[in-house]
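Participant: The opening residue of the sequence shown carries number 4 in the working numbering; numbering runs sequentially from there. Glycine residues also receive a C-beta, built at the ideal position from the N, C-alpha and C atoms.
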Amino acid sequence: MSQDTAQTIGGPIGRILAMPNDSQTKTIVVALALCLVCSIIVAAAAVGLRPLQEANKALDKQRYILSVAGLDISGNIQATFDQSIETRLVDLASGDYVEEMDAAGYDQRKAAKDPQQNLTLSSDVDIASIKARAKIASIYLVKNGDTITRVILPVHGYGLWSTLYGFLAIEPDGNSVYGLKFYDHAETPGLGGEVDNPKWQAKWNGKQLLDANGKQALNVLKGNVSPDSKFFQHEIDGLAGATLTSRGVSNLVRFWTGANGFGPYLTKFKNGGA
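#1: Under three-state DSSP, which class holds K184?
#2: In three-state DSSP terms, what is K146?
#3: Between which two residues does the alpha helix (DSSP H) holding A172 run?
#4: Excluding the 5 residues flanking P23 on each side, which residues of the same chain have their C-beta closer than 6 Å to its C-beta?
#5: In terms of alpha-carbon separation, which member of A215, D240, A137, Q211 lies closest to D223?
#6: Using only the alpha-carbon positions, how far apart do K273 and S97 sit?
#7: How far does the alpha helix (DSSP H) with V256 in it reach, from first residue to last?
#8: On the three-state DSSP scale, how would you describe Q211?
#9: Are the CB atoms of Q111 and A140 within a distance shorter than 8 Å?
#10: Please name the residue in A137, D94, V128 whose C-alpha comes closest to that of K351.
#11: Which residue from L156, L247, S253, D199 puts its Cα closest to that of G264?
#12: Can you give the Cα-Cα distance for S249 and G108, rounded to whole angstroms?
#13: Do the CB positions of A172 and G160 come within less than 8 Å of each other?
#14: Buried or exposed for L95, please, with buried defined as at least 16 other CB atoms from any protein chain shown within 10 angstroms of its CB.
#15: Going by CA-CA distance only, name the one from V101, I133, A106 that's closest to K116.
#16: So, with DSSP's three-state summary, where would you put E238?
#17: Which whole-angstrom value describes the C-beta separation of F185 and D176, a residue pair presumed to lie in contact below a C-beta threshold of 8 Å?
Shown next as structure tokens:
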């Protein structure tokens, strides 16, 4: 910019522009101005893209729900979800459906952090290491017409490095596992991150939550399950080199299917309704 143009602008800006290009003050001011402009652009982009990001996040969540339910995810995810999945809310203490709240708009993860909507867990029951849980939880009913074919439960708990968030699919008997998949975690790739391995996920199919006496029995082992084990229907191979992640998965499933999680709901569900 010429000196004449700088003087024409006038004021503090004009005085700065009129400085020599090798002026340290001018360099610092210009750099700060560029940083300010760039930060405004980035902030505006983040705000503008937020609705799209939230929509993609919701769509990805629906994809995981459909996948763990064994439904086709190759087509229109939203259409398949709307056709096959009914979202309901459950009062975890009673196991009853909650009708007076908007199930589609409910954010369980946000509610779990709200003292007005959560329940603080004592150390003797908090085997999933989550500290508090929402009083109201989402569940997803997989339907074929009017028939419920499976129920999908959102589950989470601490592994080695992170909280794992996933979905557990249960058969209509309220006891048989159809599948388990995690959609959010930060476990070590190749070790605890093997929770994402389809071969390991497939080992959950057909496992039983409860024993013949109605007691919790499902367990992720430290090693491999023996085909001759009398507990075969309740045991899943552990993740090689990831003992703490395996233990975390075992604990979070037991918590969420137990008395302090979805246990009361599953009891009513298998008996014909919540």
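Facilitator: Reading it off the structure:
#1: Here residue 184 refers to the residue found at position 181 when the sequence shown is read from its first residue. K184: strand per DSSP, three-state reduction.
#2: Here residue 146 corresponds to residue number 143 of the sequence shown, with the count starting at 1. Collapsing the DSSP output to three states places K146 in a strand.
#3: By 1-based counting over the sequence shown, the position of residue 172 is 169. Per DSSP, A172 belongs to no alpha helix (DSSP H); it is in the beta strand (DSSP E), 166-173.
#4: Stepping through the sequence shown from its first residue, residue 23 is reached at position 20. Result list for P23: empty, nothing under 6 Å.
#5: Within the sequence shown, residue 223 is the residue found at index 220, counting from 1. Looking at the sequence shown, residue 223 is not Asp but Val. Checking every option, the nearest Cα to that of V223 belongs to D240.
#6: Mapped onto the sequence shown, residue 273 falls at position 270. Mapped onto the sequence shown, residue 97 falls at position 94. Each residue's Cα considered, the two are about 15 Å apart.
#7: For the purposes of this step, residue 256 is identified with residue 253 of the sequence shown, where counting begins at 1. That run of the alpha helix (DSSP H) goes 246-259.
#8: For this step, residue 211 is matched to residue 208 along the sequence shown. DSSP places Q211 in strand when its eight states are reduced to three.
#9: Against the sequence shown, residue 140 aligns to sequence position 137. Against the sequence shown, residue 111 aligns to sequence position 108. The answer is yes: Cβ separation under 8 Å.
#10: Residue 351 is absent from the model: the chain starts at 4 and stops at 277.
#11: As a working mapping, residue 264 is identified with position 261 in the sequence shown. Of the candidates L156, L247, S253, D199, the one whose C-alpha sits nearest the C-alpha of G264 is L156.
#12: Within the sequence shown, the letter at position 246 stands for residue 249. Within the sequence shown, the letter at position 105 stands for residue 108. Approximately 32 Å, taken between the alpha carbons.
#13: Numbered from its first residue, the sequence shown carries residue 172 at position 169. Numbered from its first residue, the sequence shown carries residue 160 at position 157. It is not a contact, given that the beta carbons lie outside the stated cut-off.
#14: Reading the sequence shown from its first residue, position 92 is the one you call residue 95. Label assigned to L95: buried.
#15: Indexing the sequence shown from 1 puts residue 116 at position 113. Checked all of V101, I133, A106; the closest Cα to K116 is I133.
#16: The residue labelled residue 238 in the question sits at position 235 within the sequence shown. Looking at E238 - three-state DSSP - the assignment turns out to be strand.
#17: Translated into the one-based positions of the sequence shown, residue 185 becomes position 182. Translated into the one-based positions of the sequence shown, residue 176 becomes position 173. Taking a contact as a CB-CB distance under 8 Å, the pair F185 and D176 does not count as one, their CB atoms being some 24 Å apart.
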